[in-house]
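These notes are about the structure you will find just below.
Numbering (our numbering), first residue to last: 945 to 1445.
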């Protein structure tokens, strides 16, 4: 492991940059024969790799004069697909014919085309599985550069109100190095420990550190024909969005999004109003969960808040406060990692068939777990041998199709690049229908007038049932209070609720 901390604090040059531009990273990779990128865009609020994925999106759009250039950046929805594409790329480029051949030296291969894959540290387990089953020296033995968004050592600094995301990032940050070491995969860390308030004389030449890391990575990949990992910490990359907006809109579903009338918050509010009060909601740890949490507080506790503000009776106030506390403790919103939503929800639904269980996820989460959709859809053909009833009758699946990766819909969205998904080109409803779901509509819901009656039908019909809604994201991130409960509190609240049901 090569830990690259600031080495030149004594440099007295106010013009030295303390952050890397994605353009510099991409150009330096291109100069060394790494010009093809595969990866999963960040699916959370704060990611070190967001500037890079945004730049790659604009770079491929502004350099697509021929078909070859259009294939230089391929977006995938899971790490295994990204790494599989990278392996196929390596094999067809004859990267490594014979590991014992003297001609396979670093000097003779330093311009060889090597693929670059970018992923998040929260999915390091899936990434390592694919590396071991594809790239290992005793298997295909080919090099690959992996850029891993490594979160933040102190996520409290950047995730002020995202309690569960703080926990998830701190866990992945703590375990990633150990997992890489145990897996015998070499890695380097690109870190920027400079505080913005520190003296400018302490700025670090990040380009220098990146060049050193890249040299080490290239030497390793060319001499051993195996992958190398670069852990990119927070505040290393800086966004640069100086591209023509007209060009950016050529491939980001923006024309369709602009015509949509339904907003995410509006849909979620109707879902809560038109569903059973006993329903459990499982959603990805993203804007969906945070909006659900906020809306539930607003809808469930409004009468109690009115009582607190208008009633002078101290005893009634005390009772209201206890009830308010009880309702908050027994939240029925379960946040999980994107791509795991349907599996967790199905497990709850099968264990407690009398409790309505709603899957509420975005199109990215659905695409990441499309194999789970096939499993859930097939439940409609099964029967419980104890009572002859169908399985999964209490499972309701709602997909909020937004057409872009969620991470790029947050605050200051107008300055960010919308990275599109394929969900406006492929009918998710027809995919669900083919998988065995009961679909409430043949096409996605576009209007509020059509949504309300379908939600009422969804509540009463047998599952597994599927409903797709096309929405535009509310471009704000104004969460006044800390969002959500701790994971341990969520588990306790769920168990307490199920015992009462």
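Beta carbons are placed, not taken as given, at the ideal position from N, Cα and C, and that holds for glycine.
Around the C-beta of residue 1163, fewer than 16 other C-beta atoms lie within 10 Å, and the residue is accordingly described as exposed. With a threshold of 16 other beta carbon atoms within 10 Å, residue 1283 meets it and is buried. In the three-state DSSP reduction, residue 1228 falls in the strand class (E or B). In this structure, the alpha-carbon of residue 1031 lies about 13 Å from that of residue 1018. If the five residues before and after residue 1316 are omitted, its C-beta is found closer than 6 Å to the C-beta atoms of 1286, 1287, all from its own chain and listed in chain order.
Boundaries around residue 1411 are those of the beta strand (DSSP E), 1409 to 1414, since no alpha helix (DSSP H) includes it. Of the other Cβ atoms in all chains shown, fewer than 16 fall within 10 Å of the Cβ of residue 1242; this residue is therefore exposed.
Annotation: residue 1066 is outside any beta strand (DSSP E) and is labelled neither H nor E by DSSP. Residue 1033 and residue 1088 have their C-alpha atoms roughly 10 Å apart.
Considering only 1297, 1325, 1299, 1341, the residue with the shortest C-alpha distance to residue 1313 is 1341.
Contact annotation: residue 1294 and residue 1408 have beta-carbon atoms that are not nearer than 7 Å. Under the Cβ criterion (8 Å, minimum of three pairs), the stretch 1149 to 1163 does not count as touching the stretch 1073 to 1081. Straight across, the Cα-Cα distance linking residue 1348 with residue 1067 is about 20 Å. When secondary structure is reduced to three states using DSSP, residue 1210 falls in the helix class. As the crow flies, the alpha-carbon of residue 1381 is around 43 Å from that of residue 1128. Measuring C-alpha to C-alpha distances from residue 1134 to each of 1090, 1335, 1210, 1122 identifies 1090 as the nearest. The C-beta distance from residue 1161 to residue 1205 rounds to 48 Å, too long to meet the 8 Å contact threshold.
By the beta-carbon neighbour count (other beta carbons within 10 angstroms, threshold 16), residue 1093 is buried.
Only residues of its own chain outside the window of five on either side were considered, and among them 1136 have a CB closer than 6 Å to the CB of residue 1179, listed in chain order. Counting along the chain, the unbroken beta strand (DSSP E) around residue 980 starts and ends at 980 to 983.
Residue state for residue 976 is assigned as coil, using DSSP reduced to three classes. CA-CA distance, residue 1001 to residue 1417, rounds to 20 Å.
Between the beta-carbon of residue 986 and that of residue 994 there is about 5 Å, and that keeps the pair under the 8 Å contact cut. According to the DSSP secondary-structure assignment, residue 1345 is paired through a beta bridge with 1414. DSSP places residue 1441 in the uninterrupted alpha helix (DSSP H) bounded by 1431 to 1444. With contacts defined by Cβ atoms closer than 7 Å, residue 1220 and residue 1297 do not form a contacting pair. In the DSSP assignment, residue 1392 falls within the unbroken alpha helix (DSSP H) covering 1392 to 1404. DSSP places residue 1280 in no alpha helix (DSSP H) but in the uninterrupted beta strand (DSSP E) bounded by 1277 to 1280. Just so you know, the alpha carbons of residue 999 and residue 1404 end up roughly 46 Å apart. In this model, residue 1387 and residue 1115 are separated by some 40 Å (Cα to Cα).
Rounded to whole angstroms, the separation of the alpha carbons of residue 1346 and residue 1211 is 12 Å. For residue 1365, the secondary structure class from DSSP, reduced to helix, strand or coil, is coil. DSSP places residue 1031 in the uninterrupted alpha helix (DSSP H) bounded by 1023 to 1036. The continuous stretches of alpha helix (DSSP H) do not include residue 1181, and DSSP gives it neither H nor E. Inclusion of residue 1318 and residue 1379 in the CB contact set at 7 Å is warranted, their separation being smaller than that value.
Assigned with DSSP and collapsed to three states, residue 1384 falls in coil, not helix or strand.
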